[in-house]
Amino acid sequence: MRTAVIGGGAAGFFVAVNLKEMVPSMEVAIFERSQRVLAKVEVSGGGRCNCTNSFAEVRDLQTVYPRGHRLMKRLFNVFDNHDAYEWFERHGVPLVTQDDECVFPQAQDSHAIIDCFLSLARRTGVNIRFGEKIQSLDNLQDYDAIVVTTGGSPKGEGLRWLKEMGHGIADPVPSLFTFRIDDKALTALMGTVVEQASVMIPGTKLRSSGPLLITHWGMSGPAILKISSYAARLLAEHQYQMPLSINWAGLTIADAEALLYETAVHHPQKQLSTFSPLGLPQRLWGYLLEKALSGRAQVRWNELNRKDVNRLVNVLSNDNYHIAGRAAFKDEFVTCGGVALQSVNPATLESRVVPHLYFAGEVLDIDGITGGFNFQAAWTTAYTVATAIAAR
181 MRTAVIGGGA AGFFVAVNLK EMVPSMEVAI FERSQRVLAK VEVSGGGRCN CTNSFAEVRD
241 LQTVYPRGHR LMKRLFNVFD NHDAYEWFER HGVPLVTQDD ECVFPQAQDS HAIIDCFLSL
301 ARRTGVNIRF GEKIQSLDNL QDYDAIVVTT GGSPKGEGLR WLKEMGHGIA DPVPSLFTFR
361 IDDKALTALM GTVVEQASVM IPGTKLRSSG PLLITHWGMS GPAILKISSY AARLLAEHQY
421 QMPLSINWAG LTIADAEALL YETAVHHPQK QLSTFSPLGL PQRLWGYLLE KALSGRAQVR
481 WNELNRKDVN RLVNVLSNDN YHIAGRAAFK DEFVTCGGVA LQSVNPATLE SRVVPHLYFA
541 GEVLDIDGIT GGFNFQAAWT TAYTVATAIA AR
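For what it's worth, the working numbering labels the leading residue of the sequence shown as 181, then goes sequentially.
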């Protein structure tokens with residue numbers, strides 16, 4: 181039996197090496213259109229490869245998989261994050277779980293994953309063919325099974341051949357990106373990090389929380405990346421021009437107001453500009469004071485009047501900005517969209533249109549937020565496909 185894997189990325193290699201371990205006699209070939217494999221693995225996580233997550237803080241998969249959470253829940257019965265952790269350690273890649281529940285190779289180097297895959301491919305006899313762009317099944321008629329693992333297709337061109345076969349396609353749009361904010365006073369604070377901010381898109385139920393980084397172009401960090409994922413389609417529909425609200429303190433309006441009055445009672449003679457009760461970075465605190473109180477930012481705490489408190493609470497809890505566009509997140513790119521899940525068998529990920537054609541990884545309409553969830557989707561879908569082909 182022969183299997184062709186189209187795409188030499190994370191999902192493609194995971195299908196191939198697992199298939200060879202399950203059925204050593206099977207002939208498996210990876211067709212990669214470029215001259216490099218596993219390029220996205222190499223740059224992920226700043227070159228460290230956030231390969232999965234502990235899921236310890238995940239109560240509902242929808243919070244980490246905005247699209248595809250129901251299918252992921254089902255497939256976790258086949259291969260979940262615990263299985264992935266054990267798989268890598270068993271194959272010579274010790275892992276470590278950070279305080280934020282993200283899992284990395286102990287070596288803190290993506291090449292630990294890459295070397296593992298390449299070594300396994302050599303040892304098991306996976307044939308890797310470079311410079312092979314496959315956009316038709318005509319040249320693969322000698323193969324008994326074909327797996328498409330071509331990853332995301334930002335412009336949709338790479339999905340056209342699959343659509344022409346009759347597969348449903350969820351139009352691809354970017355996900356996991358940073359926001360451009362045209363506010364010179366804000367961007368002057370580049371490098372400032374708020375450890376626990378809450379962000380939302382007004383008029384929707386879309387919100388996220390976590391660290392927020394102010395950059396020279398606007399805003400980044402996990403809180404921003406998460407909401408870009410949740411709102412991927414909505415933002416695309418609005419040409420990435422939408423309002424954004426920030427709760428810098430992570431407090432309710434009532435709690436923020438109570439804290440300000442309490443500070444005025446206990447520290448009446450301190451200046452607002454030099455004493456923040458919220459633990460915000462000093463430069464950001466000064467910026468927010470000026471925004472809320474204008475020329476009164478230098479007053480003492482006991483000089484605050486009711487209007488001052490209201491304005492300051494509003495800026496701390498509901499600070500409004502305008503998203504002027506999206507910015508790329510380094511070399512990492514996640515696409516929302518792909519082969520519609522209705523076009524595949526949910527148990528095997530085999531095409532409902534073309535027999536013996538399977539899909540794994542980001543080519544499917546499954547995508548997750550930042551934190552190792554997209555790689556876990558690759559491992560889970562790839563292992564499911566390998567199991568299904570091996571069972572034949």
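Don't be surprised by glycine CBs; every beta carbon is placed ideally from N, CA and C.
To which residues of the same chain is residue i closer than 8 Å at the C-beta, ignoring the five residues directly before and after it?
i, result
"L464", "L369, T372, V374, I394 and W428"
"C296", "F268, H271, G272 and V273"
"V258", "T560, Y563, T564 and T567"
Buried or exposed: where does residue i fall if 16 or more other Cβ atoms within 10 Å of its Cβ makes it buried?
i, result
"L414", "exposed"
"G187", "buried"
"D435", "exposed"
"K406", "buried"
"P274", "exposed"
"K200", "buried"
"V533", "exposed"
"H347", "buried"
"D547", "buried"
"R250", "exposed"
"Q462", "exposed"
"T183", "buried"
"Q419", "exposed"
"R572", "exposed"
"T443", "buried"
"N307", "exposed"
"P235", "Residue 235 is actually Phe in this sequence, not Pro. The residue in question, F235, is buried, as its Cβ has 16 or more Cβ neighbours within 10 Å."
According to DSSP, is residue i helix, strand or coil?
i, result
"V258", "coil"
"Y410", "helix"
"A325", "strand"
"M380", "strand"
"I546", "coil"
"E355", "Here residue 355 turns out to be Ser, not Glu, going by the sequence shown. Strand at S355."
"G373", "The residue you asked about is not Gly; residue 373 is Val in the sequence shown. Three-state result, V373: strand."
"M206", "coil"
"P457", "coil"
"Y265", "helix"
"E530", "strand"
"M252", "helix"
"P161", "Beyond the ends of the chain as shown, which are 181 and 572, falls residue 161; an answer cannot be given."
"G348", "coil"
"H418", "coil"
"Q215", "coil"
"E512", "Unreliable placement is indicated for E512, whose pLDDT of 49 sits below 50; no coordinate value is reported for it."
"L424", "strand"
"S474", "helix"
"D280", "coil"
"L241", "helix"
"T183", "strand"
"T561", "helix"
"L484", "coil"
To the nearest angstrom, how far is the alpha carbon of residue i from that of residue j?
i, j, result
"A570", "V543", "21 Å"
"E281", "R270", "20 Å"
"F284", "S474", "45 Å"
"L339", "L452", "56 Å"
"S408", "S497", "20 Å"
"T330", "V524", "16 Å"
"A377", "G401", "10 Å"
"K487", "G430", "21 Å"
"Q215", "K313", "11 Å"
"L484", "L468", "15 Å"
"C231", "D240", "20 Å"
"Q242", "Q556", "14 Å"
In terms of alpha-carbon separation, which member of the options lies closest to residue i?
i, options, result
"A472", "L356, V489 and V306", "V489"
"T515", "N482, D499 and N554", "N554"
"E237", "D363, A325, G459 and Q278", "Q278"
"F539", "P382, L529 and D324", "L529"
"Q449", "D260, Q478 and E437", "Q478"
"L301", "V185, S316 and A377", "Contrary to the premise, residue 301 reads as Ala rather than Leu in this sequence. Cα-wise, what sits closest to A301 is V185."
"E576", "V353, R387, G466 and S316", "Examination of residue 576 is not possible in this model, given that the chain is present from 181 through 572 alone."
"G466", "L366, M252 and E437", "L366"
"S299", "E266, N198 and R182", "N198"
"D363", "V328, A196, A325 and L424", "L424"
"Y265", "W559, A566, R572 and T564", "W559"
"R228", "Y563, G551, R572 and T564", "G551"
"T564", "F310, Q522 and F194", "F194"
"R303", "V208, T384 and L386", "V208"
Using a Cβ-Cβ cut-off of 6 Å (strictly less than) and excluding sequence neighbours within five positions of residue i, which residues of its own chain qualify?
i, result
"L439", "P457"
"D511", "With a pLDDT of only 45 at D511, under the threshold of 50, the placement of this residue in the model should not be trusted, and no figure is reported."
"A507", "T358, R360 and W397"
"M181", "M206 and D324"
Answer yes or no: does any C-beta atom of chain D fall closer than 9 Å to that of residue i?
i, result
"D280", "No chain D appears in the structure shown, which is made up of a single protein chain."
Enumerate in chain order the residues of its own chain whose CB-to-CB distance from residue i is below 7 Å, with the five nearest sequence positions on each side excluded.
i, result
"H447", "F455 and W481"
"I294", "L218, V221 and E222"
"A350", "G517, G518, A520 and D545"
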